[in-house]
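Participant:
In the numbering used here, the protein residues as written are 33 to 228.
1. Which of the three DSSP states is assigned to residue 173 in this structure?
2. Quick check on the DSSP output: the alpha helix (DSSP H) that includes residue 56 runs from which residue to which?
3. When the Cβ atoms of the region 66–83 are set against those of the region 150–168, are three or more pairs found closer than 8 Å?
4. Between the region 33–41 and the region 50–58, are three or more C-beta pairs nearer than 8 Å?
5. If we require 4 or more residues per run, which alpha helix (DSSP H) segments fall completely within the region 94–161?
6. Quick check on residue 48: buried or exposed, where buried means 16 or more other Cβ atoms within 10 Å of its Cβ?
7. Out of 104, 129, 128, state which residue places its alpha-carbon closest to the alpha-carbon of residue 119.
8. With distance defined between alpha-carbon atoms, name the residue in 87, 123, 99 nearest to residue 164.
9. Can you tell me whether residue 115 is buried or exposed, with buried defined as 16 or more other CB within 10 angstroms of its CB?
10. Let's see if you can read the secondary structure: which residues bound the beta strand (DSSP E) around residue 87?
11. Residues bridged to residue 199 by DSSP?
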């Protein structure tokens, strides 16, 4: 099987999509023929994965010019719509990375109006023609629009080397959470259950 991930990556490590998408590609490439097509102006490089920068799919090396599955990361990119229309008989999945959450869509009135118009004119057909919408958590799925044909597959994580290290009675434990305070979207409820 050949899988092509499509994203708009930059060099900003504080943006989650720039970190998790290469990890998705890396781990999937252990089991399938997998590559990343980066569409942003940033020339993304990664020694661990196969990367193409700003190339049309039909000009990619074989077999990536006719993949079995395309995975779009994010929603609001006009070039995604053009690519999706040209995917003749190639199924695609969209991973919105929070873009479809009701709270994110309605965050500002003018952004909401702009997104509503964009959805009606451009993005609704892109989303509806996807084989599935891949949400990263049950909370994201429950709080998102377009959750009719969805699947839930969380971001993978790397376990630290000392993950199974036994904790002694006098050990001090520090738990750090880096992210937005949103219990249903970021899994804070699960984190709290795990430590209590």
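Every residue gets a Cβ at the ideal spot worked out from N, C-alpha and C, and that includes glycine.
Facilitator: Answer, in terms of the structure:
1. Helix, per DSSP.
2. Taken as a continuous stretch (DSSP letters only), the alpha helix (DSSP H) holding residue 56 covers 48–60.
3. A contact is defined here as three or more CB-CB pairs under 8 Å, and the region 66–83 fails this definition with respect to the region 150–168.
4. Yes, they touch.
5. DSSP runs (the alpha helix (DSSP H)) wholly in the region 94–161: 110–117, 134–137, 141–150, 156–160.
6. With fewer than 16 Cβ atoms within 10 Å of its Cβ, residue 48 is classed as exposed.
7. For residue 119, the nearest C-alpha among the options comes from 104.
8. Checked all of 87, 123, 99; the closest Cα to residue 164 is 123.
9. Buried, because 16 or more other Cβ atoms sit within 10 Å of the Cβ of residue 115.
10. Premise fails: residue 87 is in no beta strand (DSSP E) and is neither H nor E.
11. For residue 199, which the question treats as bridged, DSSP gives no partner whatsoever.
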